[in-house]
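Numbering (our numbering), first residue to last: 32 to 175.
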């Protein structure tokens with residue numbers, strides 16, 4: 032469901048306030064930890080999927096079925112499932128909690144190394160970004 036004009040304007044204001052408040056965090060979020068899988072990962076996932084499909088079909092066609100259960104087909108299905116996960120998540124090294132920790136501590140480390148004072152975090156004290164946005168929201172409805 033698309034946003035209304037009013038909601039879109041509010042979202043734009045929140046986004047611009049975020050850029051003004053913490054541009055480094057905003058650019059980190061904008062670049063995204065949730066990137067799509069690279070072409071190399073997509074190729075690996077496609078190859079794994081095809082291998083799984085071949086094993087799935089071969090397991091049904093081969094007479095090797097211990098206990099009447101097509102074990103080779105099960106392995107093929109597992110490969111296909113792994114290929115889907117690899118395709119969706121992008122493989123190891125993407126996402127996770129380590130990049131988030133780096134993002135939260137890198138601002139303080141960069142400001143210390145460059146000799147600048149770190150910005151005070153007033154948003155957590157209740158009088159910063161959140162309260163300003165709430166005030167703007169209230170004023171907007173009082174005007175209408």
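In this text, a Cβ means the ideal position worked out from N, Cα and C, and glycines have one as well. Computed from a predicted model, the values in this text were never measured in an experiment.
Distance, residue j Cα to residue i Cα
i, j, result
"residue 164", "residue 34", "19 angstroms"
"residue 56", "residue 88", "49 angstroms"
"residue 81", "residue 110", "9 angstroms"
"residue 172", "residue 60", "30 angstroms"
"residue 100", "residue 42", "55 angstroms"
"residue 58", "residue 50", "8 angstroms"
"residue 39", "residue 90", "53 angstroms"
"residue 37", "residue 170", "14 angstroms"
"residue 96", "residue 32", "50 angstroms"
"residue 53", "residue 102", "54 angstroms"
"residue 174", "residue 166", "12 angstroms"
"residue 162", "residue 44", "14 angstroms"
Three-way DSSP call (helix, strand, coil) for residue i in this model
i, result
"residue 110", "helix"
"residue 54", "helix"
"residue 159", "coil"
"residue 47", "helix"
"residue 71", "helix"
"residue 93", "coil"
"residue 171", "helix"
"residue 131", "Confidence at residue 131 is low in this model, with a pLDDT of 41, below 50, so its placement is unreliable and no value can be given for it."
"residue 164", "helix"
"residue 100", "coil"
Candidates the options, of which the one nearest residue i by Cα
i, options, result
"residue 121", "97, 60, 108 and 71", "71"
"residue 183", "36, 119 and 92", "Residue 183 lies beyond the residue range present for the chain, which begins at 32 and ends at 175; the question has no answer from this structure."
"residue 69", "97, 118 and 96", "118"
Cβ separation of residue i and residue j, assumed to be a contact under 8 angstroms, to the nearest whole Å
i, j, result
"residue 104", "residue 86", "7 angstroms"
"residue 160", "residue 48", "6 angstroms"
Worksheet item: So, do the segment 104-118 and the segment 69-84 have three or more beta carbon pairs nearer to each other than 8 angstroms?
Response: By the C-beta criterion, the segment 104-118 is judged to be in contact with the segment 69-84, since at least 3 inter-stretch pairs fall below 8 angstroms.
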